[in-house]
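Just below is one structure, and these are the notes that go with it.
2 protein chains.
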Amino acid sequence: MNLRELALQLGLSQTTVSRALNGYPEVSEATRKRVRDAADKFSYRPNTRAKGLATGRSMAVGHVIPVSDQHEMVNPIFADVIAGAGEAYAEAGYDLVLSLVGARDEAAFYRDLASRGTIDGIIVHGPRHNDPRLPLLKEIGLPFLVHGRSSLADVSYSWVDVNNRSAFYRAAGLLLDLGHRRIGLINGLAGMDFAVRREDGYRRALTERGIHVDPDLIAEGEMTEAHGWASAREMLSMPDPPTAFLVSSIISAFGVRRAAAEQDIALGSELSVVVFDDDLSYFRSDGGVPQFTSVRSSVREAGRMAAEMLLDIIREGSDEPRQRLLEAELTIGRSTGPVPTHEGSKTTG
Amino acid sequence: MNLRELALQLGLSQTTVSRALNGYPEVSEATRKRVRDAADKFSYRPNTRAKGLATGRSMAVGHVIPVSDQHEMVNPIFADVIAGAGEAYAEAGYDLVLSLVGARDEAAFYRDLASRGTIDGIIVHGPRHNDPRLPLLKEIGLPFLVHGRSSLADVSYSWVDVNNRSAFYRAAGLLLDLGHRRIGLINGLAGMDFAVRREDGYRRALTERGIHVDPDLIAEGEMTEAHGWASAREMLSMPDPPTAFLVSSIISAFGVRRAAAEQDIALGSELSVVVFDDDLSYFRSDGGVPQFTSVRSSVREAGRMAAEMLLDIIREGSDEPRQRLLEAELTIGRSTGPVPTHEGSKTTG
DNA sequence: TTGAAAGCGGTACCAT
DNA sequence: ATGGTACCGCTTTCAA
Chain A
2 MNLRELALQL
12 GLSQTTVSRA
22 LNGYPEVSEA
32 TRKRVRDAAD
42 KFSYRPNTRA
52 KGLATGRSMA
62 VGHVIPVSDQ
72 HEMVNPIFAD
82 VIAGAGEAYA
92 EAGYDLVLSL
102 VGARDEAAFY
112 RDLASRGTID
122 GIIVHGPRHN
132 DPRLPLLKEI
142 GLPFLVHGRS
152 SLADVSYSWV
162 DVNNRSAFYR
172 AAGLLLDLGH
182 RRIGLINGLA
192 GMDFAVRRED
202 GYRRALTERG
212 IHVDPDLIAE
222 GEMTEAHGWA
232 SAREMLSMPD
242 PPTAFLVSSI
252 ISAFGVRRAA
262 AEQDIALGSE
272 LSVVVFDDDL
282 SYFRSDGGVP
292 QFTSVRSSVR
302 EAGRMAAEML
312 LDIIREGSDE
322 PRQRLLEAEL
332 TIGRSTGPVP
342 THEGSKTTG
Chain B
2 MNLRELALQL
12 GLSQTTVSRA
22 LNGYPEVSEA
32 TRKRVRDAAD
42 KFSYRPNTRA
52 KGLATGRSMA
62 VGHVIPVSDQ
72 HEMVNPIFAD
82 VIAGAGEAYA
92 EAGYDLVLSL
102 VGARDEAAFY
112 RDLASRGTID
122 GIIVHGPRHN
132 DPRLPLLKEI
142 GLPFLVHGRS
152 SLADVSYSWV
162 DVNNRSAFYR
172 AAGLLLDLGH
182 RRIGLINGLA
192 GMDFAVRRED
202 GYRRALTERG
212 IHVDPDLIAE
222 GEMTEAHGWA
232 SAREMLSMPD
242 PPTAFLVSSI
252 ISAFGVRRAA
262 AEQDIALGSE
272 LSVVVFDDDL
282 SYFRSDGGVP
292 QFTSVRSSVR
302 EAGRMAAEML
312 LDIIREGSDE
322 PRQRLLEAEL
332 TIGRSTGPVP
342 THEGSKTTG
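These protein sequences, in sequence, are chains A and B. According to the working numbering, the residues represented by the first sequence are 2 to 350, in order. According to the working numbering, the residues represented by the second sequence are 2 to 350, in order.
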C-alpha cells in the first residue's frame, strides 16, 4: 500500500493524505481522523527511500567502527554504546547504519557515505590520539559527533566522553591515600585517546604527591585477559613490586587476579586492585558483591546521549559544537586495602 | 554532483551515463571510458535513495538484535557476527542497518521494516527455542536468514549455525574418556536454542555410556563471570562434587576458575574444565598458551557466511531455504586431565 | 550506440 | 481545507 493507493481508497488527493499523516495544521480534524484510520487499517507505511528522496534527508545515522586488521574482535564496548544510541534512534524514527571499516580506506569511505546520501550524520567511535578522521569529516561537511575525544585535533567538534583523566586521577588518589607508593597501571592501547588521558590522570596524581612515576609500572596493550595477566605477572616479579594496580578494563583485571592467584598473593590484603569498568554487565565479576573497587561509567548511557546530541545537531543544522563530559563513579569494593606491612598477613596458602 | 550534472558536463544524456556506469553492453568503450573518467574526476556517487527508489531494492540488509529488558548489555557475540557479516556487505556494496528491538513490539517492528522498504533482507540473531519471529517473517515475505536455529519452529527457513549438540557431545565424551563421571554443565540461558542443543549433546554423551544425568549438575543462566562462579561454587560444595566442568562461555569459565581458586582446587590436576569459546579474542585467557580445553567456532566466520548466504537469497529471489552447519574445533589445553585419585596431588596450597 | 520520457513514492509549492 | 503538479535522482522502456 502506497500513498497513491491510500489516497484513492479515501477519495482524497495524495497531497491531503500526506498532510494529514504528517500533522500539517491545515487539514481538518475530521479528514485527519479518516486518513489515520485508513492508514491504520491498511497498515500503510511511507516508503523510506521515497520520503528521503523528496525531503533530502535519509532519516538514518551512521556508526563507524574502526577495525584495525590486528584485532580479530570488535571491542565489546561498541556494542553497548550502540545499544544506547539505538534507543534514541528508535524513539526519533531514525535508522542506524553500521559500518565496520579498516583504517586503510577510511577517507574514501567517509566521502562515499556522504555523497551517496545514505546518512544524515555520523557517530565516530574509538578516536585515536590525533585522529585524522575529524578534520576530514569537518571538510566533508557531514554532521558528526565523537564518542570519546581526540586530543591535539585542532578542529572543534562535538563529543561525548567520560572524564578519563579525572577518573584515573581519583582512583590513583584513593590508592595513594591508602599508603600505596608503587602503583602499576595496566592501560589500553597506546594510540587510543582514552588511554592517553588515563595515564595522564595517573601521572598527575602521583606527581602532585611527589611520587616518582616508574615507566616499568606502566603497561599498554589491548584490553584482554592475557594482557592483564602478563603485565601483572611481570610487574609482580620486579625486585620492588607494586602493591596496587590500576586496571583499564575488567577483562584485564581478570588477568591481574589470575597472576596474583598464581603467585599466592591475596587480593585486598596484599594487593589492591582498582579497575575502570564500563558497566559491561556480562563481565562484571562481582555477582552482587563488590569484588573490585571500580570506576564505573555507563557506556550505554553515553551512547544514548551521543545519539540524542547528534540528532539535535542534525535537526538544528547549527554548526557550533556540543560537548558533554561525564564523570565516572568510584565504587569501593573489597579488593582494595592499605599497603600491607612487610610481615603481612597472607590469607592464601 | 549528481547524474544530471555529470551528463551535462559530458554532453551526454543521463541515460547513456547511467548505462556506461552500470556496465550495460550497448555503450561504446570510448564513451564508457570518458564517462568513467569524468565520474572519477568529480568523484560522482549515485544517490542511494534515488537508486533504490528506481530499482525497488534498497541495497541494505537488516540485523535485528533482540534485547530483553532483563539484560543490561548486548551479548558481545553479536558484535563479532556483525563484524563478519559487515565484510561481506562491504564487498557486495550493501549497507547494514542495525536494529535493537525489545521483545514486546517485535512483530510490529518487522512489519514496519518490510513495508517501509528500508531493507532487502534480514538476519535474525539469538533465536529462542520455538521462536515466533520465524513464522512471522515467513508470513511477511521478507527474505531472512537465522544465525542459529530454532527447534520446534515448524517452518522451513535458512540458517547458519554451529553444531552445538555435537560440540558438547564430543566435549563430554572427552571428559568421560578421561574417566570423569561427575561432570557439571554450566550453560547459557534456558530459553536460548543453542543452550538447549548443548545440554542435549551433554545428556546424550552421558546417557550413551550409562551415566546418570544429575540435574543438580546442570546450571543455566546468563553467561557472565558471576554465573560461572556461583554455579561452580555451589556444585563444588556438594557432597559428591563434579570433577569436571563443561562451560558454555569463556566468561563464565573465568568464574569457574575463580571458584576453584577460592576452594584451593587446582585446574588440570584436580578439576578439568572444557569451555565452549566463540573465538572472542578479547576474552581468551591463554595468551598463546592453551589454558582451557576449548571447543571453538569462529563466530565472525559464521557471520560472514550468513551474510553471503542471505545476499544470495536476495539476489536469486529463490525460496528454497539454505542451511549450513559448522563443526566446532576441539582444542585440548592444560586445564583438562584425568579424574584425580582421592589421595590426589594438590598443586596449590 | 544514443536519447527522450515515464516512472519509483513521496513532499511541497502554488492554486483554488 | 483541498487539489494539481513539479520536483528529488536514478533506472528503464521505447524510439530513433
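We put the CB at the ideal spot given by N, CA and C, even for glycine.
{"Query": "Counted within 10 angstroms of its Cβ, other Cβ atoms place residue 148(A) as buried (16 or more) or exposed", "Result": "buried"}
{"Query": "Chain B contacts made by the segment 195-228 of chain A, where a contact means CB separation under 9 Å", "Result": "223, 224, 225, 226, 227, 228"}
{"Query": "Closer than 7 Å at the beta carbon, the chain B residues around residue 113(A)", "Result": "46"}
{"Query": "Per DSSP, the bridge partner or partners of residue 193(A)", "Result": "129(A)"}
{"Query": "The segment 28-45 of chain B / the segment 75-95 of chain A touching (three or more Cβ pairs under 8 Å)", "Result": "no"}
{"Query": "Within 8 Å of chain B by C-beta, residues of the segment 276-290 of chain A in sequence order", "Result": "280, 281, 282, 283, 284, 285, 286, 287, 288, 289"}
{"Query": "Boundaries of the alpha helix (DSSP H) in which residue 39(A) is found, first to last residue", "Result": "30-42"}
{"Query": "Inter-residue CB distance, residue 176(A) and residue 184(A) (contact presumed, cutoff 8 Å)", "Result": "5 Å"}
{"Query": "Segment limits, alpha helix (DSSP H) that includes residue 148(A)", "Result": "Note, residue 148(A): premise wrong, no alpha helix (DSSP H); beta strand (DSSP E) at 145-148."}
{"Query": "Interface positions of the segment 75-104 of chain B facing chain A (Cβ-Cβ less than 8 Å), listed along the chain", "Result": "75, 76, 77, 79, 80, 81, 83, 84, 87, 88, 91, 96, 97, 98, 99, 100, 101, 102"}
{"Query": "Beta-bridge pairing of residue 160(A) - partner residues as DSSP gives them", "Result": "147(A), 324(A)"}
{"Query": "Secondary structure of residue 340(B), DSSP reduced to three states", "Result": "coil"}
{"Query": "Integer-rounded CB distance, given that residue 296(B) should sit under 8 Å from residue 274(B)", "Result": "In fact, because the Cβ distance is near 12 Å, the residues do not count as touching under 8 Å."}
{"Query": "8 Å Cβ cutoff met for residue 195(B) and residue 229(B)", "Result": "no"}
{"Query": "As assigned by DSSP and simplified to three states, the class of residue 12(B)", "Result": "coil"}
{"Query": "Length of the line joining the Cα atoms of residue 66(A) and residue 102(A)", "Result": "6 Å"}
{"Query": "Interface positions of the segment 113-137 of chain B facing chain A (Cβ-Cβ less than 8 Å), listed along the chain", "Result": "113, 116, 117, 118, 119"}
{"Query": "Through-space distance from residue 52(A) to residue 7(B), alpha-carbon basis", "Result": "24 Å"}
{"Query": "Three-state class that DSSP yields for residue 122(A) in the structure shown", "Result": "strand"}
{"Query": "C-beta neighbour in chain A for residue 53(B), strict 8 Å", "Result": "yes"}
{"Query": "Inside the segment 214-252 of chain B only - alpha helix (DSSP H) runs reaching at least 4 residues", "Result": "226-237"}
{"Query": "Residue environment, residue 105(B), which counts as buried when at least 16 other CB atoms sit within 10 Å", "Result": "exposed"}
{"Query": "Residue ranges of each alpha helix (DSSP H) within the segment 253-328 of chain A, 4 or longer", "Result": "300-317"}
{"Query": "The segment 276-285 of chain A touching the segment 249-265 of chain A, judged by at least three CB pairs closer than 8 Å", "Result": "yes"}
{"Query": "Residue span of the alpha helix (DSSP H) that contains residue 141(A), given as start and end", "Result": "134-141"}
{"Query": "Rounded C-alpha distance that separates residue 197(B) from residue 173(A)", "Result": "46 Å"}
{"Query": "Segment contact flag, the segment 235-242 of chain A with the segment 255-270 of chain A, C-beta cutoff 8 Å, min 3 pairs", "Result": "yes"}
{"Query": "Beta-carbon spacing of residue 306(B), residue 98(B) below 8 Å", "Result": "no"}
{"Query": "Segment contact flag, the segment 310-326 of chain A with the segment 111-130 of chain A, C-beta cutoff 8 Å, min 3 pairs", "Result": "yes"}
{"Query": "Rounded straight-line distance, which links the Cα of residue 163(A) to that of residue 336(A)", "Result": "24 Å"}
{"Query": "Chain B residues whose Cβ lies nearer than 7 Å to that of residue 50(A)", "Result": "50, 53, 54, 59, 118"}
{"Query": "Residue 262(B): contacting residues in chain A (beta-carbon distance under 7 Å)", "Result": "262"}
{"Query": "Opening and closing residue of the beta strand (DSSP E) in which residue 331(A) lies", "Result": "330-332"}
{"Query": "Short CB-CB distance (under 8 Å) between residue 68(A) and chain B", "Result": "yes"}
{"Query": "8 Å Cβ cut-off: residues of chain A touching residue 255(B)", "Result": "226, 255, 286"}
{"Query": "Distance CB(residue 157(B))-CB(residue 328(B)) smaller than 8 Å", "Result": "no"}
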